[in-house]
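When you number the sequence shown by the working numbering, it's gap-free, plus one each residue, and the end is 327. All C-beta atoms, glycine included, are put in the ideal place defined by N, C-alpha and C. Here the structure is a predicted model, which means the values were calculated and not measured. Worksheet: one structure, shown below.
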Amino acid sequence: MIPRAIALGALGKAMQCKNGDQCHRKSAVRRQDAVEAICKSLATLISGDEELIETVAHKSRELDSKAEHGLDEQFAHSKKQLGILNNRISDLFEMSGEGTKADRDEIKSRLRSAQSERSAVQDEIDRLRRAVEGMTNTLTREQIRHRLSMMAEILHEAAAGELGDDAVYKALAVFRAVTGGAIMVRVEHRNKRKRTNVIGVFVPRLIRGFSSSLQTEDEDLATRPMTVWLRKPPRLDLIAERVHELIDVEKMSHREAAKQLQREGHKVNSGNVWYSYHRWYEMQGLAAPKVPYNNGKKRRSA
């Protein structure tokens, strides 16, 4: 992993490891390409994620319930204080004309102090009332879906370079919130090849990206790290993960996998699929298993 990447080149358009020539995995990526790749991945991750919508809705209800419970306790405490102060002020008013001048001056001083304290408590009660009216509002699924759609749209526009100056800061805020502001960079040497692969690794913080008030301590523990190509890899590597899914998970033959990839927009044949399949295992540091002819399926009769 690269600990930290810094800008280099004309106008800082590229990035490389802060250790420069001393880095044992020296490589550089174009900053724009890297940011675009991450923005696209985040936008895809956010768009239409029904599980995320349900989770945010649940946490919103949970937060609302806790907020109401906490505010109720604060209200009760503040109102009790207000009652005590009102009684104290009434008693002091009754005593205000009695005793010596020194006694009367002391009563006046205590009265002003109690009135000042009562004013502060009343302000606190007003603040709590505004908090109840403005903060304890459970989000509906439609509101959540709309806000996530806006976040995804900002990231899509950022990836396409279509943002104005003001919107750039909004995109940056979303970017930092969802990635946690930290993206590790992994450089992979390719066996018997000069060009390296550069991959970004980060833990998506989708709930925090939606609203920091919904964040929980254990959320990140249940979230898998996400990987993104920061520099477009060779086709062999680019489709390797998908080929692995088609052959090992969906049990397709090489020919079926090639047809599926063609439908997805890749110009490949069964021979390309064979190489990408073995490349996936090479990238994992494993030996590729021997796949039986037609992935073990019986041939169709003529």
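Inter-residue Cα distance where the pair is residue i and residue j
i	j	result
residue 150	residue 82	29 Å
residue 295	residue 176	39 Å
residue 261	residue 199	33 Å
residue 302	residue 78	35 Å
residue 71	residue 165	17 Å
residue 123	residue 105	29 Å
residue 103	residue 146	6 Å
residue 219	residue 256	15 Å
residue 97	residue 227	40 Å
residue 243	residue 197	A caution first: residue 243 carries a pLDDT of 44, below 50, which makes its placement in the model unreliable, though a value can still be read off. Spanning the two alpha carbons is a distance of roughly 25 Å.
residue 306	residue 317	17 Å
residue 142	residue 125	26 Å
residue 62	residue 38	15 Å
residue 170	residue 68	13 Å
residue 208	residue 55	15 Å
residue 247	residue 76	Only weak support exists for where residue 247 lies, its pLDDT of 44 falling under 50; the coordinates are left without a value.
residue 269	residue 59	25 Å
residue 205	residue 251	12 Å
residue 259	residue 86	47 Å
residue 168	residue 178	15 Å
residue 129	residue 119	11 Å
residue 274	residue 41	36 Å
residue 107	residue 137	15 Å
residue 229	residue 139	52 Å
residue 279	residue 300	10 Å
Opposing strand residues paired with residue i [DSSP bridges]
i	result
residue 274	DSSP, once it has assigned bridges, lists no residue as partnering residue 274.
residue 64	The partner list for residue 64 (beta bridge, DSSP) is empty, contrary to what the question assumes.
residue 227	251
residue 3	Only positions 26 to 327 of the chain appear in this structure, which leaves residue 3 out of reach.
residue 213	222
Within 7 Å, strictly: CB atoms of residue i and residue j
i	j	result
residue 121	residue 114	no
residue 253	residue 225	yes
residue 173	residue 100	no
residue 215	residue 265	no
residue 223	residue 66	no
residue 298	residue 312	no
residue 231	residue 64	no
residue 271	residue 287	no
residue 117	residue 135	yes
residue 210	residue 221	no
residue 276	residue 319	no
Quick check on the DSSP output: what are the complete alpha helix (DSSP H) runs of length 4 or more inside the stretch 96-179, in order along the chain? 126-160
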